[in-house]
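Every number in the working numbering is 3 more than the matching position in the sequence shown, counting from 1.
Worksheet: the structure to be examined is printed underneath.
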Amino acid sequence: MPIIVKLKEILDQRNMSQRELARLTGLRPNTISHLCSSQVDRVHLSTFETICKTLDIELHELLVLEEE
């Protein structure tokens, strides 16, 4: 089952830019941009942990299993 990263939707709901999230997390803007695209193929778990802590969300809110 493919996993969907809902980061773009979460940022849109919060009116937060990718650049702002990169600044708050200390992650590279390219990393945030990659996670907001539909082409996410691999990510370090620590990256998701950092994003979840910064946005005060749970991992299941960020990642969704897509049924085929």
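Just so you know, even glycine gets a beta-carbon here, dropped at the ideal spot from N, CA and C.
Computed from a prediction, not measured in an experiment: that's the story for all the values here.
Looking only at I54, E69 and K9, the smallest Cα-Cα distance to R31 is reached by I54. Within the same chain, and ignoring the five residues on either side of L14 in sequence, the residues whose Cβ sits closer than 8 Å to its Cβ are S20, Q21, L24 and C39.
In terms of Cβ geometry, L62 and F51 form a close pair [threshold 8 Å]. Under a 10 Å Cβ-count criterion, L48 is classified as exposed, with fewer than 16 other Cβ atoms of the shown protein chains found around its own Cβ. For L65, no beta strand (DSSP E) run applies; the uninterrupted alpha helix (DSSP H) run containing it begins and ends at L62 to L65, by DSSP.
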